[in-house]
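> Okay, handing you the structure first.
In this note's numbering, the protein residues as written are 75 to 218.
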């Protein structure tokens, strides 16, 4: 509710505005207290949340399957996908569990990597590793 009241001889210079001011600012029609911003309905927010979760699961699924590696590698330069037959016991089985045994506790690791990005070095990496290990129980074999 706005009213303009003009007073006196210089009424063309003075204008007063009357606005209803209340103590409860939530019910006021005053433009100062109007909320501004972006509002989303609950159904749209729920849909957006579901879409985000589905996309996160899809990215994880694609990443998992894209980075899984084949168990056999072609080392002889052939392009065949056939797995060569091996006589039983002729080749030592690869160790799949590369964790340290429970009777060893690593105390300190120092890893130095030197990448060679020149084409002459064929983009290789040289490096050194130093590991201090505490042996908790006697053992005959340590695989790193």
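Even glycine gets a Cβ: it sits at the ideal position worked out from N, Cα and C.
1) What first and last residue would you give for the alpha helix (DSSP H) that runs through residue 129?
2) Quick check on the DSSP output: the beta strand (DSSP E) that includes residue 180 runs from which residue to which?
3) Closer than 7 Å to a non-hydrogen atom of the ligand COA - does that hold for the CB of residue 135?
4) State the Cα-Cα distance for the pair residue 175 and residue 202, rounded to the nearest angstrom.
5) Name the DSSP beta bridge partners of residue 111, please?
6) To the nearest angstrom, report how far apart residue 182 and residue 209 are at their CA atoms.
7) Could you compute how far the alpha carbon of residue 148 sits from the alpha carbon of residue 196?
8) Can you name the residues that DSSP bridges to residue 208?
Taking the definition as stated:
1) Numbered from 1 along the chain shown, position 55 holds the residue referred to as residue 129. Looking at the DSSP string, the run of the alpha helix (DSSP H) that includes residue 129 is 116-141.
2) Working through the chain shown from its first residue, we reach residue 180 at position 106. Unbroken beta strand (DSSP E) run through residue 180: 178-189.
3) Ligands displayed in this structure: none; no statement on the ligand COA is therefore possible.
4) Translated into the one-based positions of the chain shown, residue 175 becomes position 101. Translated into the one-based positions of the chain shown, residue 202 becomes position 128. Near 22 Å, if we compare the C-alpha coordinates of residue 202 and residue 175.
5) For this step, residue 111 is matched to residue 37 along the chain shown. Answer is none; residue 111 lacks a bridge partner.
6) By 1-based counting over the chain shown, the position of residue 182 is 108. By 1-based counting over the chain shown, the position of residue 209 is 135. Those two C-alpha atoms are separated by around 13 Å.
7) Residue mapping note: residue 148 aligns to position 74 of the chain shown, counting from 1. Residue mapping note: residue 196 aligns to position 122 of the chain shown, counting from 1. Its pLDDT being 48, under 50, residue 148 is placed unreliably in this model, and the value from its coordinates should be taken loosely. The alpha-carbon atoms of residue 148 and residue 196 are separated by roughly 20 Å.
8) Mapped onto the chain shown, residue 208 falls at position 134. Its beta-bridge partners are 179.
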